[in-house]
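>
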Amino acid sequence: MGITIRYLAHASFQIKTVDQNIYIDPSTKGTGLKKDHFQPADLILVTHGHEDHCDKDLLKKIRKLGSPVIAPENLKKELKGMVVWDLSPGQFMKMVTSEGTIWATEAYNVKRFRSPGKPFHPKGFGVGYLLKIEDKRIYHAGDTDLIPEMEKLADAEVDVALLPSGDTYTMDVNEAAEAALIIKPKIAIPMHLKGADPAIFKEKVESQSDIKVVILGEGEEYILE
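Following this note's numbering, the numbering of the sequence shown begins with 65 at its first residue and continues without gaps.
(1) Rounded to the nearest angstrom, what separates Asp-231 and His-112 at their Cα positions?
(2) Do you know offhand how far Tyr-87's Cα is from Thr-81's?
(3) Have a look at the DSSP bridge pairing and note the partners of Pro-254.
(4) In this structure, what does DSSP give as the bridge partners for Asp-121?
(5) If you follow the alpha helix (DSSP H) that Glu-239 is part of, which residue opens it and which one closes it?
(6) Grab me the residues of Trp-167's own chain with a C-beta within less than 6 Å of its C-beta, minus the 5 sequence neighbours each way, in chain order.
(7) Among Leu-107, Arg-127, Gly-96, which one has its Cα closest to the Cα of Glu-115?
(8) Using CA atoms only, rank isn't needed, just tell me which of His-117, Gly-94, His-101, Gly-130 is closest to Leu-107.
(9) For Val-148, report the span of its alpha helix (DSSP H) as first-last.
(10) Per DSSP, Ile-134 forms a beta bridge with which residues?
(11) Ignore the nearest five residues each way along the sequence and tell me which others in Lys-158's own chain have a CB closer than 7 Å to its CB.
(12) Just how far apart, CA to CA, sit Arg-127 and Gly-66?
(13) Look up Gly-190 in the DSSP assignment and give the residues it is bridged to.
(14) Check for me: the beta strand (DSSP E) holding Ile-88 runs from which residue to which?
(15) How would you label Val-110, buried or exposed, when you count the other beta carbons within 10 angstroms and need 16 or more for buried?
(16) Take every Cβ of the stretch 253 to 270, pair it with every Cβ of the stretch 210 to 221, and state whether three or more of those distances are shorter than 8 Å.
(17) Label Val-191 either buried or exposed according to how many other C-beta atoms from any shown protein chain fall within 10 Å of its C-beta, with 16 as the threshold for buried.
(18) Helix, strand or coil for Gln-103? Go by DSSP, reduced to three states.
(19) Less than 8 Å separating the beta-carbons of Leu-122 and Ala-135?
(20) Can Pro-186 and Thr-169 be called in contact, C-beta distance under 8 Å?
(21) So the candidates are Met-255, His-256, Val-222; which of them puts its Cα closest to the Cα of Ile-246?
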């Protein structure tokens with residue numbers, strides 16, 4: 065059957081297997097999404113606390129009873145009342161209901177600032193995630209600039225990399241393309257576009273590598289076999 069990767073909007077993705085329904089950064093705040101776009105979740109991953117990535121009311125409504133939310137440690141109090149497992153970069157967690165593993169990775173800004181010296185996403189504020197599901201590895205970078213820690217992912221044999229490409233708060237399309245060339249996934253999917261042209265990302269990546277770029281519109285999906 066494969067693994068279904070559905071792009072919902074912004075940085076929100078649904079990852080579905082035969083027996084697991086997983087969401088990354090589900091939110092109805094500033095994304096155009098509504099509760100009806102979501103099915104009951106077995107597992108939810110949140111990269112950081114900005115409301116367009118962490119919608120507390122939605123999390124409460126879509127998580128199944130007892131299903132965990134994985135999030136950075138700084139969100140545990142904010143998500144009080146839910147089952148929250150915190151992960152910091154470098155830490156990993158085995159998935160209880162399947163033979164899978166989730167690692168947290170670094171995600172932060174080095175060149176995009178709210179004001180001088182104050183990045184939109186300072187180091188330690190958020191994370192990315194590397195999921196191993198059914199022997200496939202899916203990397204969701206979170207909100208991040210191009211950072212040195214991405215070099216470590218070149219040895220992770222990533223099957224699919226979900227990379228923010230919209231500039232302002234994250235990498236732009238050219239930096240995201242550079243990240244893809246560093247990480248060397250089999251497939252790269254741009255996200256968090258904020259109006260940027262993903263065709264620029266596709267041309268740069270595919271002209272310099274064997275990486276396949278898949279551009280998904282909102283609601284579209286890719287089947288990872």
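The C-beta atom is built at its ideal place from N, Cα and C for all residues, glycine as well. Every value quoted in this text rests on a predicted model; they were computed, and no experiment measured them.
The relevant details are as follows:
(1) 18 Å
(2) 12 Å
(3) Leu-227
(4) Bridge partners of Asp-121: none, in fact.
(5) Start and end: 237 to 247.
(6) Counting only residues of its own chain and dropping the five nearest sequence neighbours on each side, Trp-167 has a CB closer than 6 Å to the CB of Phe-156, Leu-194.
(7) Gly-96
(8) Gly-130
(9) Taken as a continuous stretch (DSSP letters only), Val-148 belongs to no alpha helix (DSSP H), being part of the beta strand (DSSP E) at 148 to 150.
(10) The secondary-structure analysis by DSSP pairs Ile-134 across a beta bridge with Leu-109, Trp-149.
(11) Thr-165
(12) 23 Å
(13) Ala-171
(14) 85 to 88
(15) buried
(16) Taking a cut-off of 8 Å for Cβ pairs, the stretch 253 to 270 and the stretch 210 to 221 do not touch, as fewer than three such pairs fall below it.
(17) Buried, by the Cβ-count rule.
(18) coil
(19) no
(20) no
(21) Val-222
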